[in-house]
Amino acid sequence: MTESTAARKPRRSAGSKAAGTTGGKAGTTGAKRTTRKTSTTAAKGSETELVQLLTPEGERIEPAADSAYAEYARYVADITPDELRGLYRDMVLTRRFDAEATALQRQGELGLWASLLGQEAAQIGSGRATREDDYVFPTYREHGVAWCRGVDPTNLLGMFRGVNNGGWDPNGNNFHLYTIVIGSQALHATGYAMGVAKDGADSGVIAYFGDGASSQGDVSEAFNFAAVYNAPVVFFCQNNQWAISESNEKQTRVPLYQRAQGFGFPGVRVDGNDVLASLAVTRWALDRARRGEGPALIEAYTYRMGAHTTSDDPSRYRHDDERAAWEAKDPILRLRRFLESAHHADEGFFAELEAESEALGKRVREVVRAMPDPDRFAIFENVYADGHALVDEERAQFAAYQASFAEVEGV
Amino acid sequence: MAAEKMALAKAINESLRRALESDPKVLIMGEDVGKLGGVFRVTDGLHKDFGEDRVIDTPLAESGIVGTAIGLALRGYRPVVEIQFDGFVFPAYDQIVTQLAKMHARSLGKVKLPVVIRIPYGGGIGAVEHHSESPEALFAHVAGLKVVSPSNAADAYWMMQQAIQSDDPVIYFEPKRRYWDKAEVDTEAIPGPLHGARVVREGTDLTLAAYGPMVKLCQEVADAAAEEGRSLEVVDLRSLSPVDFDTIQTSVEKTRRLVVVHEAPVFLGSGAEIAARITERCFYHLEAPVLRVGGYHAPYPPARLEEEYLPDLDRVLDAVDRSLAY
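Each protein sequence line maps, in turn, to chains A and B.
To convert, note that position 229 of the first sequence is 229 in the numbering used here; the numbers rise steadily by one, no gaps.
To convert, note that position 23 of the second sequence is 23 in the numbering used here; the numbers rise steadily by one, no gaps.
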């Protein structure tokens with residue numbers, strides 16, 4: 001068995017190199033070893049650079065004019081205290097909404113909840129970088145982005161309660177329905193962006209996905225289509241370190257942002273717990289997409305503080321000390337520290353926001369508890385736009401079956 | 001141009017041309033559909049006349065083709081995508097089943113995806129593996145999709161017009177072995193409904209139901225049976241989702257016997273559903289169980305064996321004999 005495995009390996013590596021390299025078997029083997037060594041080094045982080053504009057301690061970083069970050073930093077150079085308070089408010093309210101949804105699941109009001117806890121900065125920063133005419137393609141965890149797009153948070157809960165599969169009009173806020181099949185939406189975003197380009201419009205499109213989705217073929221195909229057609233789409237990968245129970249090491253040998261290079265567009269790793277940096281880098285990427293400069297990949301380096309969903313049990317696969325280390329980098333805490341040290345916000349602001357948070361939680365609670373079950377005939381609604389004879393037939397059979405109970409009850 | 005004799009492939013080509021001319025939102029997408037005109041030349045000349053912005057050569061990635069077509073449809077376009085061969089559709093199967101088929105329902109009717117997926121299908125052309133399959137049942141099984149297959153050039157022309165105009169995703173199976181069969185196509189005719197079956201030959205003793213490439217075979221079977229004094233009715237189903245059961249029922253109530261013919265494997269194929277439903281609808285009219293003729297529960301065989309695998313005149317006649325023997 002060992003022998004056959006050994007015999008297979010060189011053949012496989014020779015095959016994978018055949019298209020790109022010339023030379024004999026020995027040369028190919030050598031090339032492979034070099035590649036592996038480089039990628040291993042990169043995976044350890046020595047070659048990775050993290051765009052950060054706000055430290056975990058709440059200190060604003062002003063990159064030097066000649067630094068690599070300056071290009072991004074200028075997108076938030078003139079940000080006002082009012083806007084900074086706005087970002088803080090967005091993150092606090094999103095976290096409060098998220099906590100309420102988790103609680104509602106525990107109370108049995110929701111069947112499931114996918115918490116965004118810890119990812120508020122990546123989502124609010126990128127979400128606030130979008131323009132009204134931009135279009136967003138989310139996964140199922142983009143509650144903060146939905147908030148930025150003006151989607152009523154209670155609309156997000158219908159699918160988790162089981163009353164619908166997405167209760168909002170995607171074109172109402174240019175925020176597509178949540179996509180549960182991992183990575184599918186990256187292609188939808190790319191196609192939509194191809195259409196934007198065909199229309200001659202200067203809108204941008206942004207596709208959200210996670211580190212797990214980076215392993216999906218659809219995401220690689222989306223990268224390639226976007227590059228080939230120079231589509232105005234930004235790929236925003238929230239690398240929250242965990243795809244349910246699988247860590248980054250099980251998904252990739254190279255830092256995810258570096259994948260962009262192979263497809264022919266820029267990739268940037270940003271501190272996903274830094275709302276300022278997330279805002280700046282996303283503004284940069286959307287800006288160049290709108291200018292016709294094609295796609296970009298943003299890897300927002302962050303951490304899923306909670307479970308994958310309320311059905312998950314992270315204690316089976318990760319240690320509490322890891323979470324504790326990330327807690328020190330909390331996205332909300334660092335902006336609060338900055339707002340306080342810069343005297344951009346006073347006690348009154350924080351108190352008011354606290355009250356607003358509680359009011360939001362109360363409203364979400366009330367709306368969810370009052371959310372009615374759908375009419376049973378909804379099963380047959382909207383299966384087709386132009387109707388379908390079989391659906392009509394089965395709806396009639398179902399109606400007759402239901403009516404038979406009424407007759408029995410009537411007797 | 002009004003009525004003109006043309007091959008089935010040319011009829012689809014003319015239909016695509018008309019759609020591109022009449023609706024600026026219509027796009028053609030696929031592998032080699034541009035300068036080459038597709039491996040079967042179905043899109044021949046369209047790239048030259050409408051440009052690469054409308055007739056799009058895509059990267060070689062079926063999931064990418066369908067996934068981006070969904071995105072383009074969300075933007076208001078009406079993409080007509082080509083999957084080069086039946087056996088190559090499966091990388092796109094996820095996008096078709098989990099995304100394309102469900103979007104209208106999950107958006108509560110707010111999002112429509114008018115995407116047409118053209119798939120040359122079926123065997124009988126001596127091709128290599130994965131180039132001769134009939135996977136239509138795998139799509140007809142999925143709610144949210146419509147599935148059609150023309151059997152002749154005139155239907156090919158009009159059903160493509162109707163598929164493109166449909167606000168639902170339509171999987172359009174093209175009988176590749178009939179691409180070069182010519183028929184009169186009246187481009188000013190008023191077509192019947194896209195999902196209606198049609199009695200293409202009237203008879204009294206038994207009904208043959210078929211679609212796509214098997215309709216011609218069933219007409220030949222009816223000719224052969226006629227020489228033996230048997231009158232067979234042939235129904236061209238044209239649509240597999242929905243199936244026009246009313247037309248089959250009317251025919252079977254007259255003939256009292258039904259044989260369903262398709263190239264796809266018999267087991268859990270379209271014929272199984274038709275047999276079950278016609279048995280329910282026509283139980284007291286039937287003189288024999290509904291019989292099916294089709295492929296076997298085996299991978300599509302190498303080309304040298306495909307004549308043994310595919311329904312042919314004798315195999316259908318054998319089923320006719322068995323039905324009439326009850």
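Glycine included, C-beta positions come from ideal geometry on N, C-alpha and C.
DSSP-derived helix/strand/coil call for D271 of chain A: strand
Beta-carbon spacing of V270 of chain A, A300 of chain A below 9 Å: yes
Straight-line Cα distance separating E132 of chain A from Y172 of chain B: In this structure, the CA atom of Y172 of chain B is about 37 Å from the CA atom of E132 of chain A.
Alpha-carbon to alpha-carbon, A122 of chain A and L279 of chain A: 8 Å
Which listed residue (A:A189, A:A201 and A:N382) has its alpha carbon closest to that of T139 of chain A: A:A189
Contacts around N13 of chain B, its chain only, beta-carbon distance under 8 Å, and the 5 residues preceding and following it disregarded: R41, V42, T43, D44, G45 and L46
Below-9 Å beta-carbon distance, P91 of chain B vs any chain A residue: Yes - at least one Cβ of chain A is within 9 Å of the one on P91 of chain B.
F380 of chain A versus V391 of chain A - alpha carbon distance: 7 Å
Distance CB(S412 of chain A)-CB(Q261 of chain A) smaller than 9 Å: The question about residue 412 of chain A has no answer, for chain A in this structure spans 1 to 411.
With 16 other Cβ atoms within 10 Å as the buried cut-off, status of S134 of chain B: buried
K362 of chain A classed as buried or exposed, judged by whether at least 16 other C-beta atoms fall within 10 angstroms: exposed
Other residues of its chain near Q216 of chain A: CB distance less than 6 Å, five sequence neighbours each side excluded: I182 and G183, listed in sequence order.
Residues bridged to G210 of chain A [DSSP beta-bridge criterion]: A:Q238
Sequence ranges, alpha helix (DSSP H) only - wholly within the region 58-102 of chain B, length at least 4: 62-74
Close Cβ partners of R18 of chain B (< 8 Å) along its chain, the five nearest in sequence each way excluded: Q161 and T187
Alpha-carbon spacing of L291 of chain B relative to V260 of chain B, whole angstroms: Taking the straight line from one Cα to the other gives about 6 Å.
Coil, strand or helix - L20 of chain B by DSSP: helix
From A:D211, A:S311 and A:D90, residue whose alpha carbon lies closest to that of L110 of chain A: A:S311
Residue(s) in a DSSP beta bridge with P175 of chain B: B:Y121
Per-residue burial, K112 of chain B [other beta carbons within 10 Å of its own, 16 or more giving buried]: In this structure K112 of chain B is buried. Its beta-carbon is surrounded by 16 or more other beta-carbon atoms within 10 angstroms.
Those runs of the alpha helix (DSSP H) which lie wholly inside the region 103-170 of chain A and span at least 4 residues: Unbroken alpha helix (DSSP H) runs of no fewer than 4 residues, entirely contained in the region 103-170 of chain A, are found at 120-129, 143-149, 153-156 and 158-161, following chain order.
Identity of the residues DSSP links to S380 of chain B by a beta bridge: This structure cannot speak to residue 380 of chain B, because chain B is shown only from 1 to 326.
Coarse secondary structure for R72 of chain A, derived from DSSP in three states: As written in the sequence, residue 72 of chain A is Tyr, which differs from the Arg given in the question. In the structure shown, Y72 of chain A sits in a helix (DSSP, three-state: H, G or I).
Proximity below 9 Å, CB of V80 of chain B to CB of R118 of chain B: Against a cut-off of 9 Å, the Cβ pair of R118 of chain B and V80 of chain B comes out as a contact.
Residue nearest to S203 of chain A in terms of C-alpha spacing, selected from A:F223, A:G212, A:D211 and A:A193: A:A193
Limits of the beta strand (DSSP E) - the one that K5 of chain B falls within: A3 to A7 is the extent of the beta strand (DSSP E) around K5 of chain B.
Alpha-carbon to alpha-carbon, C148 of chain A and T94 of chain A: 10 Å
Alpha carbon of A197 of chain B to alpha carbon of A156 of chain B, nearest angstrom: About 14 Å.
C-alpha gap between A231 of chain A and I28 of chain B, whole angstroms: 18 Å
Distance CB(A3 of chain B)-CB(E184 of chain B) smaller than 9 Å: Yes; because the gap between Cβ atoms is below 9 Å, this pair is in contact.
Enclosing alpha helix (DSSP H) for A223 of chain B [first to last residue]: In the sequence as displayed, the identity of residue 223 of chain B is Asp instead of Ala. That run of the alpha helix (DSSP H) goes M214 to E227.
Identity of the residue in A:K198, A:Y317, A:F236 and A:R141 nearest G292 of chain A by Cα: A:K198
Residue interval of the alpha helix (DSSP H) (run including G295 of chain B): Premise fails: G295 of chain B lies in the beta strand (DSSP E), L291 to G295, not in any alpha helix (DSSP H).
Alpha-carbon to alpha-carbon, A137 of chain B and N173 of chain A: 38 Å
Listed by chain order, chain B residues near T190 of chain A by CB distance under 7 Å: Here the neighbours are T68 and G71.
Close Cβ partners of G30 of chain A (< 6 Å) along its chain, the five nearest in sequence each way excluded: The pLDDT assigned to G30 of chain A is 34, lower than 50, so where the model puts this residue is not dependable, and the model offers no usable value.
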